[in-house]
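**Q**
In our numbering, the protein residues as written are 294 to 540.
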C-alpha cells in the first residue's frame, strides 16, 4: 500500500485493481483539497482493513474483471462488504466502472454481461436528475466520456438514475446523498490512456471494431475536453458531499 497522510488531513482511500486504471485527472482536485490519499491494491492489500470503511472518501476504481467473480477473485467480497457498510451510513463513496458494478451488487442489484462491449468515446444522455447534478459538467454539449466495459447492472432499488447511453441504459446512479456510481470513466486522460492501450492489448485485438490506432485518434480529439470537464465535475461533487477544502 502507498500512503500520504497526516492526522489532520482528510483521508481518501482508493481501491485500485490494475495500476494503469488510476485516479487520472481526479488526483489534482484531491490534492488541491488537501486530501491524504491511500491506495489499497486489490489482490495484494487487505481490503477488509477498517481504514477503508472509515475513510472520509472511498473511491473504487475500474478493472478488467467481473464484479461477481468471487471464486477467482475473493477480494471482491471484501469490497462488497465495505461498500455495503459505507452506503448504509451514507458516507462519501464513488465507484467507477468496476467500482460502480460493485456498488450495484452491494445494493442488491443484478450485475451481468451486457451482450456487447462499449469501448471508446461517446456522449452521455443525462436524465433530469443528472442534469441538475454535478454531472452537468459532463453533458453531451460539454464533452464526450470514455467507455470501457462489457458488463452492466440493473438500477438498484431506490437509486436515482442519472445518465444513459444508447448501448447502456444505466451509466450512473445516485444512492442516498453521498454515494455515486459511474459506469463510464470521467477520470481518463490522453496521456494515461497510452498505458491502457498496453494493458488492454488483448481485449483491443479481440474486439471487433476497435483498434489502438482508432482509439488513439479519438482520444486525441476527445480527451482535452474531458481533462477540463472531468475535474470540474469531481470538484463540484466533492463540495456537494461535504468534502470541501479544509479550513
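C-beta atoms are modelled at their ideal positions from N, C-alpha and C, and glycine is treated no differently.
If you drop the 5 nearest sequence neighbours on each side, which residues of the same chain put their C-beta closer than 7 Å to that of residue 361?
**A** Excluding positions up to five away in sequence, the list reads 398, 404.
**Q** Skipping 5 residues on each side, what residues in its chain have a beta carbon closer than 7 Å to that of residue 340?
**A** So the qualifying residues of the chain are 308, 333, 368, 371, 372, 375.
**Q** Can you tell me which of the three DSSP states residue 358 falls into?
**A** Reduced to three states, the DSSP call for residue 358 is coil.
**Q** With distances taken Cα to Cα, identify the nearest neighbour of residue 465 among 488, 483, 418, 313.
**A** Ranking the options by Cα distance to residue 465, first place goes to 418.
**Q** Output the residue ranges of the beta strand (DSSP E) runs that lie fully inside the stretch 362-420 and measure 3 residues or longer, sorted by chain position.
**A** Segments of the beta strand (DSSP E) lying fully in the stretch 362-420: 386-389, 404-415.
**Q** Among 440, 349, 387, which has the Cα closest to the Cα of residue 410?
**A** The shortest Cα separation from residue 410 among 440, 349, 387 belongs to 440.
**Q** Less than 7 Å between the C-beta atoms of residue 499 and residue 454, yes or no?
**A** Their beta carbons are not under 7 Å apart, which means residue 499 does not touch residue 454 by this criterion.
**Q** Less than 7 Å separating the beta-carbons of residue 335 and residue 310?
**A** Taking 7 Å as the Cβ cut-off, residue 335 and residue 310 qualify as a contacting pair.
**Q** Under 8 Å, with one C-beta from each stretch per pair, do the stretch 420-430 and the stretch 484-504 reach the 3-pair mark?
**A** In short, these stretches do not touch, since the Cβ pair count stays below three.
**Q** Please name the residue, chosen from 489, 520, 521, that lies closest to residue 506 on a Cα-to-Cα basis.
**A** Of 489, 520, 521, the residue nearest in Cα terms is 489.
**Q** What residues in its chain sit with their C-beta under 6 Å from that of residue 396, if we drop five residues either side in the sequence?
**A** Excluding sequence neighbours, residue 396 sits near 376, 388, 474.
**Q** For residue 437, which residues of its own chain have a beta-carbon under 6 Å away from its beta-carbon, when the five flanking residues on both sides are left out?
**A** For residue 437, where only same-chain residues beyond five positions count, the Cβ hits under 6 Å are 414, 415, 416, 515.
**Q** Between residue 534 and residue 366, what straight-line distance do the alpha-carbon atoms span, to the nearest angstrom?
**A** Going from the Cα of residue 534 to the Cα of residue 366 covers about 31 Å.
**Q** Identify the continuous alpha helix (DSSP H) that holds residue 472 and give its terminal residues.
**A** Careful: residue 472 lies outside any alpha helix (DSSP H), inside the beta strand (DSSP E) at 472-475.
**Q** As a quick exercise: from 314, 306, 304, pick the residue whose alpha carbon is nearest that of residue 543.
**A** A question about residue 543 goes unanswered here, because the residues of the chain that appear run from 294 up to 540.
**Q** Under 7 Å between the Cβ atoms of residue 445 and residue 407?
**A** Against a cut-off of 7 Å, the Cβ pair of residue 407 and residue 445 comes out as a contact.
**Q** How would you label residue 530, buried or exposed, when you count the other beta carbons within 10 angstroms and need 16 or more for buried?
**A** With 16 or more Cβ atoms within 10 Å of its Cβ, residue 530 is classed as buried.
**Q** In three-state DSSP terms, what is residue 450?
**A** Three-state result, residue 450: coil.
**Q** So for residue 340, helix, strand or coil by DSSP?
**A** If DSSP states are grouped into helix, strand and coil, residue 340 belongs with coil.
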